[in-house]
Amino acid sequence: MTDEEFIKALGKSIAKTRKSKGMSQLDLCSEIGMEKPNLSAIENGRKNIASTTLRKIADGLKCEVGDLFEFYAIKK
Numbered sequence: 001m002t003d004e005e006f007i008k009a010l011g012k013s014i015a016k017t018r019k020s021k022g023m024s025q026l027d028l029c030s031e032i033g034m035e036k037p038n039l040s041a042i043e044n045g046r047k048n049i050a051s052t053t054l055r056k057i058a059d060g061l062k063c064e065v066g067d068l069f070e071f072y073a074i075k076k
């Protein structure tokens, strides 16, 4: 898996988790204090994120950071 593929898969995982919790992008942004265009760029794999941002997203989704990486464990 290339870096680009990894970033896109992580973004898809964040979006999938968010949707499964019935949250819109605006809901999550409000929860974690992020601008919607930034979250959109992350979910669409256009932006690599810092580990601290990933932790904030996981906290906002009320999940563990590791839950967002399930796509990687399955493909290995």
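Each residue of the sequence shown is one higher than the one before, starting from 1 at the first, in full-length UniProt numbering.
From the three backbone atoms N, C-alpha and C, an ideal C-beta is built for every residue, glycine too.
No experiment lies behind these values; they were computed from the predicted model shown.
Can you determine whether any heavy atom of the ligand ZN sits closer than 8 angstroms to the C-beta of residue 43, and answer yes or no? By its list of ligands, the structure shown contains no ligand whatsoever, and the ligand ZN lies outside what it can speak to.
Q: Find out if the Cβ-Cβ distance for the pair residue 23, residue 53 is shorter than 9 angstroms.
A: No, these two residues do not count as a Cβ contact at 9 angstroms.
Measuring only the C-alpha atoms, how far is residue 32 from residue 39?
Computed Cα separation, rounded: 10 angstroms.
- Task: Check whether the Cβ atoms of residue 11 and residue 45 sit closer than 9 angstroms, and answer yes or no.
- Result: Inclusion of residue 11 and residue 45 in the CB contact set at 9 angstroms is warranted, their separation being smaller than that value.
Closest to residue 62 by CA distance: which of 72, 69 and 17 is it?
-> In terms of CA proximity to residue 62, 17 leads the group 72, 69 and 17.
* Asked: Three-state secondary structure (DSSP) at residue 60?
  -> It is helical.
Notebook entry, point to check: With respect to the alpha helix (DSSP H) encompassing residue 41, which residues constitute its N-terminal and C-terminal limits?
Noted result: In this chain, the alpha helix (DSSP H) harbouring residue 41 covers 36 to 43.
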